[in-house]
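Position 798, counted from 1, in the sequence shown is what my numbering calls 1508; the numbers after and before it change by one each time, with no gaps. Think of the CB as a built atom: it goes at the ideal place given N, C-alpha and C, for glycine as much as any other residue. Note that the structure is a prediction, hence the values are computed from the model and not measured.
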Amino acid sequence: MRRWLASALVVAAFLAVTTVAAIPAVTTVAAFPAVTAAVPAPQRPARAAAPPDGTAIGPTVSVTDRLDERRFVAAGERAYELGSAAGRYPAMGFHTRGEMGGIWTPPIKLLDGLWFGVDGRWVPPATRFASGYGYVRMTLPGPAGVRLTRTDFAPDERRAVHVGLTVTAARTRRVRLVVDAHSELMSAYPWGATKPGQLGFDLPDTGTARSRRLVFRDVGRPPTANASRHDWAAIVGASLTPDRVRVGRAFRGPQDPPVLCPPPPRPDRDRCDDSGYGKGAGGQLGFTLTVPARTSRTVWVTVAGSDQGLAAAQAEYAAASVDPAGQLRAKVRRRLTLAARTRLELPGDRLLAASVEWGKQNLADLTQQARGLQVRRIRGGTAYPPPAGRVDRVRFVGAGFPDYPWLFATDGEYTAFALVAAGRFDVVKDHLRALRAVSEIANNRSGKVVHEVVTTGDVYVGLDADPGNIDETAKFPSTVALLWRWTGDNRFRDEMYDFVRRNLAFITRHQDVDGDLWPHGLGNVEASGLGEETLDVTVYTLRGLHDLADMAASRRDTVTERWALGRARAMERRFEGAWWMPAVPQYADSLDDPGNVRLQQRWWIGITPMEVEHYVGRTPRLGLAVPAHAAPALELRMTRCYTGRFGLYVQGAPGCDPAPRTPRNRVTFSLNTALMAVALGNYGRLDDQRRYTDGNARLVLGKPDEQPGAMPETAPSPEFGRNVDLPFTKRSMVMQAWGHYGTLWPVVHQQLGVRPDLGRGRLEVVPQLPPGRRRIAATNIRLGAGSLDVTATHDGAAYTSTVTARTPGALAVGVALPAGARVRAVTLNGGAARYAVRATHRGAEVLVAAAAGRPQRLVVRTG
């Protein structure tokens, strides 16, 4: 999936980011506290009014600099838009080079973009860009006496995008408005470099004027074996009836004529507007409107389409074009309801709390749907076979915009931890169902989980014959177990149970080719030079076996329980001896056969033994690595060779350990940083953890390189540079899902200590306050059909946990004590309480049985 980034050696200036206060270019409606405080209490979501003058709805975060170099996303579940924050549409993305931006309704692209002109001149680039909850807004220069505001959003339930231009006049004005639209009807797969590729697969678009709207179509059968006849259509219309409509091959506003991107391997131009794959058509709508003095008028332009023919596109347009302003209000209300879940109070780290709020919005933006997937096994990208089967509907969290907006296994499995912490159980279930449905067809019910599924249904990587991506098959059972523990949904556990058993059967029977317990096959590191057995595959297989055993025990499937538990314990007994390299000190990245020779190439997967956790019976085990090895391994990862200003490098550099030399590949991914934050939390190192949670938080709000409020795939790094300095066709993702694992999960699960095991009818809440913090809290954390409020405080020798659990089952409230602290007294609701002390990798935990349904106040005094 990300082979190009694993060896990225792009050199650019390294961004020095200091504190939030030093970054005047990023602003919010108020200061960071207002971003979170503006979200309503869960009982009464705020009403989202849509003022006619373009005033922001709900919280926003904005930027004013380098807008023509920043990308933005405006997304719904069935359509999305990608452009520049200046209101332009540069050629973007690398899968079909330069064509990954514009307006899409999965699995097809509709338009390259929209452009506005007022009174005979094209509207200049925006001067301010703002991200809102479910929409974006731009402030645009207008003629003298005219103020322009542009609002873009995609309604979740429709295959459409709305773009509203609000015109405000100081005195009564008659305004001549034109809107250019240029189509590019093409499918998400094939890509530019595949065989077949888009040049042979894509057909020319036609443009016509019908009912005062623009209609674009791409109809026919590509001259490619096994390609089906298609009928794709896009419609562009407006809330105001145009008085003139034109069609032709141009109509790209100020980007006409376009600057074409040169094809690889020629060097990139810094800026280009179109690609060599383009076969689109164009058109223009013209309007005359009168704007009374000191008032505003908004013209909504609606783009709708379908891959099911013109009639379906017309139906989408008819439904979508009714009251766009009302649809925007409804969308913001839904987003405010999502924001009301998992409301954090982190007085000592407002940046992290605010980034979590925007993280919940990112996860909603990335939630996508696709229909009618024709599942094809694309082997090596060089064949286009007939479909092996069909999946009617999938709903999932896309990995990232613009080049990874489709269904991925490993991305979704990491993102699931953030999703459950945010209360998005429905999305996790749908994502897992989608992966299972496609995998069963593509891999003939073998149990292997596919890696990457394009919204057409084409499976590019992760087939049975592929040697890699075994880690996501190992992670699938643990993701099912995660959802089961947070919801207590035994029906979903049972729905997935046969598949998760086959997941681990596939790994243990087919991948352990030499019988040494360690599976063969590449995991998340897609690079040459690794041994046959990789660390992350081993670690996630071991965790998956424990999770399968736990689910088997809950179903009284003793045969599966004994098998899974027995194999997991055998792996644990041999793990440290096989993988630990004391002279480095690190766990080996991989083992090379014959002889299980330990290899150390400094890849980020070296932290996975500290990152995972699982249940051993009724007891959660935090981290697989023994503390004597975890401590020096984590210390080394925090050195300059492994960690930069924004977090963990994908591959460490020589100079801090005696391991053999490796390439300098110091690129910081939000995922690598997330895993490091979680690993530190498992071993109670919350002071060190902040370096990594804040590393990801700063990418969202500290000084974002691109869209404010969006978590990117990579951070400014020595061997990568900055996204904003790279050509649009060479960048990593502007919005990526899996990095939120490193903000939501450490706060909710580790600092606030929320450990649901609702599948077994029990819940533990055991906070651990970061050093120097006196208070952290959260309200409305979803647990099954109920919710949880928790507050943790520290005052001198007293540690207090206050918990209200609105969920049935056994509740245990606790406190994680700092090293060396001794319990002097324990009270629950003011009375002396019987307590237990549990030793964990993060330190001693004091636990007391408590009652659900009403507030419980535990005080542990030390001395």
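Any idea what DSSP makes of Ile1180, helix, strand or coil? The residue labelled residue 1180 in the question sits at position 470 within the sequence shown. Coil, per DSSP.
Worksheet item: Excluding five sequence neighbours on each side, which residues of the same chain lie with their C-beta closer than 6 Å to the C-beta of Asp1168?
Response: The sequence position of residue 1168 within the sequence shown is 458, counting from 1. Excluding positions up to five away in sequence, the list reads Tyr899, Arg1086 and Ile1088.
message = Closer than 8 Å is the cut-off here; do at least three beta carbon pairs connect the segment 778-786 with the segment 1436-1451?
response = yes
Fill in: Arg1081 - partner residues in DSSP beta bridges
Mapped onto the sequence shown, residue 1081 falls at position 371. According to DSSP, Arg1081 bridges with Arg1103.
Given that a residue counts as buried once 16 or more other Cβ atoms are within 10 Å of its Cβ, and exposed if not, what is Thr1329? Start at 1 with the first residue of the sequence shown, and residue 1329 comes out as number 619. The residue is exposed, with fewer than 16 neighbouring Cβ atoms inside 10 Å.
Report back the beta-carbon spacing between Gly1316 and Leu1381 to the nearest angstrom; my notes put them in contact at under 8 Å. For the purposes of this step, residue 1316 is taken as residue 606 along the sequence shown, with counting starting at 1. For the purposes of this step, residue 1381 is taken as residue 671 along the sequence shown, with counting starting at 1. So it is not a contact: roughly 14 Å between Cβ atoms.
Original post:
Comparing alpha-carbon positions, which option in Gln1084, Asp1121, Val873 and Asp1404 lies nearest Ile1151?
Top reply: Your numbering for residue 1151 matches position 441 in the sequence shown. Here the closest residue by C-alpha is Gln1084.
Asn1433 in three-state terms, based on DSSP
As a first step, residue 1433 must be located in the sequence shown, where it is residue number 723. Looking at Asn1433 - three-state DSSP - the assignment turns out to be helix.
Indicate the three-state DSSP secondary structure (helix, strand or coil) for Phe1647 in the structure shown.
-> The shown model of the chain, from 711 to 1573, leaves out residue 1647, and the question about it has no answer.
By the 10 Å Cβ neighbour count, where 16 or more other Cβ atoms means buried, how is Ala751 classified, buried or exposed? Position 41 of the sequence shown, counting from 1, holds the residue named residue 751. Summary for Ala751: the model assigns pLDDT 31, below 50, so the residue's position carries little reliability, and this model does not support an answer.
| Buried or exposed: where does Pro974 fall if 16 or more other Cβ atoms within 10 Å of its Cβ makes it buried? | As a working mapping, residue 974 is identified with position 264 in the sequence shown. Counting Cβ neighbours within 10 Å, Pro974 comes out exposed, since fewer than 16 surround it.
Please state if the CB of Val1476 and the CB of Val1525 are separated by a distance shorter than 8 Å.
Within the sequence shown, residue 1525 is the residue found at index 815, counting from 1. Within the sequence shown, residue 1476 is the residue found at index 766, counting from 1. Cβ distance < 8 Å, so Val1525 and Val1476 count as in contact.
Terminal residues of the continuous alpha helix (DSSP H) containing Val1137? Numbered from 1 along the sequence shown, position 427 holds the residue referred to as residue 1137. Val1137 -> alpha helix (DSSP H) spans Phe1135 to Ala1152.
Whole runs of the alpha helix (DSSP H) within the segment 764-790, excluding any shorter than 4 residues: none
inquiry  = In the DSSP output, what is Gln994 paired with across the bridge?
reply    = Locating residue 994 in the sequence shown gives position 284, where the first residue counts as 1. BP columns for Gln994 point to Asp890 and Arg956.
* Burial state of Ala744, where buried means 16 or more other Cβ atoms lie within 10 Å -> Counting from one through the sequence shown, the residue named residue 744 turns up at place 34. Confidence is the limiting factor: at Ala744 the pLDDT is only 28, short of 50, which leaves the residue's position unreliable and the question unanswerable from this model.
Find out if the Cβ-Cβ distance for the pair Ser1442, Pro1422 is shorter than 8 Å. The residue labelled residue 1442 in the question sits at position 732 within the sequence shown. The residue labelled residue 1422 in the question sits at position 712 within the sequence shown. Yes, Cβ-Cβ distance for Ser1442 and Pro1422 is below 8 Å.
Worksheet item: In angstroms, rounded to a whole number, what distance separates the CA positions of Pro1241 and Thr1517?
Response: Residue mapping note: residue 1241 aligns to position 531 of the sequence shown, counting from 1. Residue mapping note: residue 1517 aligns to position 807 of the sequence shown, counting from 1. The sequence shown places Gly at residue 1241, not Pro. Their backbone Cα atoms lie some 47 Å apart in a straight line.
One question on the structure: do Ala1023 and Gly1036 come within less than 8 Å of each other, judged by their Cβ atoms? As a first step, residue 1023 must be located in the sequence shown, where it is residue number 313. As a first step, residue 1036 must be located in the sequence shown, where it is residue number 326. Their beta carbons are not under 8 Å apart, which means Ala1023 does not touch Gly1036 by this criterion.
At what residues does the alpha helix (DSSP H) containing Gln1566 begin and finish? Residue 1566 sits at position 856 when you count from the first residue of the sequence shown. Not the alpha helix (DSSP H): Gln1566 falls in the beta strand (DSSP E), residues Gln1566 to Thr1572.
Buried versus exposed, by CB contacts within 10 Å (16 or more), Pro734: Numbered from 1 along the sequence shown, position 24 holds the residue referred to as residue 734. Low confidence applies to Pro734: its pLDDT is 25, below 50, so where it sits in the model is not reliable enough to give any reading.
Beta-carbon contacts of Pro1095 that lie in its chain and below 7 Å, excluding the five residues immediately before and after
For the purposes of this step, residue 1095 is taken as the residue at position 385 of the sequence shown. Correct list, in chain order: Asn936, Arg1086 and Arg1087.
**OP:** Could you check the C-alpha separation between Arg1571 and Val1249 for me, to the nearest Å?
**Re:** Translated into the one-based positions of the sequence shown, residue 1571 becomes position 861. Translated into the one-based positions of the sequence shown, residue 1249 becomes position 539. The alpha-carbon atoms of Arg1571 and Val1249 are separated by roughly 38 Å.
* Sort out for me which residues DSSP pairs Phe656 with in a bridge. => As displayed, the chain neither begins before 711 nor continues past 1573, which places residue 656 out of reach and without an answer.
Can you name the start and end residues of the alpha helix (DSSP H) that Ala1021 belongs to? Locating residue 1021 in the sequence shown gives position 311, where the first residue counts as 1. First-last of the alpha helix (DSSP H) with Ala1021: Leu1020 to Ala1030.
Test item: CB-CB of His1339 and Arg1331 under 8 Å = Numbered from its first residue, the sequence shown carries residue 1339 at position 629. Numbered from its first residue, the sequence shown carries residue 1331 at position 621. Contact flag unset, no.
message = Which residues does DSSP list as the beta-bridge partners of Thr859?
response = As a first step, residue 859 must be located in the sequence shown, where it is residue number 149. Answer by DSSP bridge pairing, in chain order: Thr849 and Thr876.
Could you pull the start and end residues of the beta strand (DSSP E) that Arg1007 belongs to?
-> The count along the sequence shown starts at 1 and reaches residue 1007 at position 297. Thr1005 to Ser1016 is the span of the beta strand (DSSP E), which, as asked, contains Arg1007.
Using three-state DSSP, classify Leu1538 as helix, strand or coil. Numbered from 1 along the sequence shown, position 828 holds the residue referred to as residue 1538. DSSP places Leu1538 in strand when its eight states are reduced to three.
- Going by other Cβ atoms of all chains shown within 10 Å of its Cβ, with 16 needed for buried, is Ser772 buried or exposed? In the sequence shown, residue 772 corresponds to position 62, counting from 1. Buried.
Exercise for review: Determine, using beta carbons only, whether Thr916 and Arg927 come nearer to each other than 8 Å.
Suggested key: For the purposes of this step, residue 916 is taken as the residue at position 206 of the sequence shown. For the purposes of this step, residue 927 is taken as the residue at position 217 of the sequence shown. Yes, Cβ-Cβ distance for Thr916 and Arg927 is below 8 Å.
Extent of the continuous alpha helix (DSSP H) run through His1256 = Here residue 1256 corresponds to residue number 546 of the sequence shown, with the count starting at 1. From DSSP, the alpha helix (DSSP H) with His1256 extends over Leu1245 to Ser1264.
- Item | Neighbourhood of Ala1335 by C-beta distance below 6 Å, restricted to the same chain and skipping five residues each side | Against the sequence shown, residue 1335 aligns to sequence position 625. So the list reads Pro1319 and Met1320, once near-sequence residues are dropped.
What does the alpha-carbon distance come out to for the pair Ala1184 and Gln1078?
Residue numbering aside, residue 1184 sits at position 474 when the sequence shown is read from its first letter. Residue numbering aside, residue 1078 sits at position 368 when the sequence shown is read from its first letter. Each residue's Cα considered, the two are about 24 Å apart.
**Item:** Backbone CA spacing between Ala903 and Trp1289 [nearest angstrom]
**Value:** The residue labelled residue 903 in the question sits at position 193 within the sequence shown. The residue labelled residue 1289 in the question sits at position 579 within the sequence shown. For Ala903 and Trp1289, the distance between alpha carbons rounds to 39 Å.
Using only the alpha-carbon positions, how far apart do Asp1246 and Asn1234 sit? Mapped onto the sequence shown, residue 1246 falls at position 536. Mapped onto the sequence shown, residue 1234 falls at position 524. Cα-Cα distance, rounded: 7 Å.
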